[in-house]
Amino acid sequence: MGYDFEQCDLPWLDYRPPAQTATAKVIRSRKTAPNAETVFPLNLDKIVRVLVPKTKKGKADELLVIENITVDTTKFLKFDVFVNDEDDDLTELDKAAYAGTYAQVPHKSGQKTNTTSISLKLTNLYNRMDVEDDDTVLVTLVPRHKDEGVTIGGIKIIENPTPVKTANSSG
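Numbered per UniProt numbering, the sequence shown finishes at 171, counting up by one with no gaps.
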């Protein structure tokens with residue numbers, strides 16, 4: 001029909017909500033939080049804090065991958081993910097950085113359960129945190145649903161397979 005649509009940016013593709021922080025009651029997290037390998041799989045029915053190893057020291061371009069999330073498709077299920085520096089304690093003004101949310105709306109399907117995974121970018125969080133010399137970060141999973149219905153198979157940090165291009169990079 002001869003229509004030409006105006007080319008414009010799609011700002012919602014890479015939209016991140018404003019930085020949200022929540023005070024975290026972490027007492028020497030290195031001593032109290034278990035390593036992720038020893039905790040999963042687990043039913044997410046309470047707040048869980050685990051130490052997750054980074055791929056390398058410094059502020060790398062990494063993704064937090066929460067694997068094998070098995071959910072009951074008939075229930076509303078939601079959990080938030082927060083990331084802290086591994087060395088945080090109560091004597092500092094500690095803030096947990098919001099990494100993202102998983103939400104599932106109840107629906108009818110052929111299966112009562114569904115399994116999926118999510119990946120959350122950590123690059124912007126690292127820019128606001130002191131993680132230069134850290135081998136691990138503290139990840140907190142906060143369930144926002146009332147009943148059981150979420151099982152998490154594992155959690156890990158990987159290098160971003162599609163690195164973010166910045167506006168001021170050449171090439």
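All C-beta atoms, glycine included, are put in the ideal place defined by N, C-alpha and C.
Requested in this report: Identify whether GLU67 lies in helix, strand or coil by the three-state DSSP scheme.
Outcome: strand
Quiz item: Alpha carbon to alpha carbon, what distance is there between GLY100 and VAL71?
Solution: 18 Å
- Decide if the segment 61 to 77 is in contact with the segment 128 to 136; the criterion is three or more beta carbon pairs, one per stretch, under 8 Å apart. No, because fewer than three Cβ pairs between the segment 61 to 77 and the segment 128 to 136 fall closer than 8 Å, the two stretches do not touch.
Q) How is the beta strand (DSSP E) around TYR124 delimited, first residue to last? A) For clarity, residue 124 is Asn in the given sequence; the question names Tyr instead. Element bounds for ASN124: not the beta strand (DSSP E) but the alpha helix (DSSP H), 123 to 127.
Using CA atoms only, rank isn't needed, just tell me which of ALA33, PHE5, VAL142 is closest to THR136.
ALA33
- [ ] Would you kindly check if the distance between the Cβ of PHE82 and the Cβ of PRO143 is under 8 Å?
- [x] no
key: For ALA36, the three-state DSSP class (helix, strand or coil)   = helix
(request) Can you check DSSP and say which residues form a bridge with residue 235? (result) No answer is possible for residue 235: it lies beyond the span of the chain, which begins at 1 and ends at 171.
Quick check on the DSSP output: the beta strand (DSSP E) that includes THR151 runs from which residue to which? DSSP places THR151 inside the beta strand (DSSP E), whose first and last residues are 150 to 159.
*Near THR74, what residues of its chain come up, given a Cβ to Cβ distance below 6 Å and the 5 sequence neighbours on each side ignored?*
PRO106
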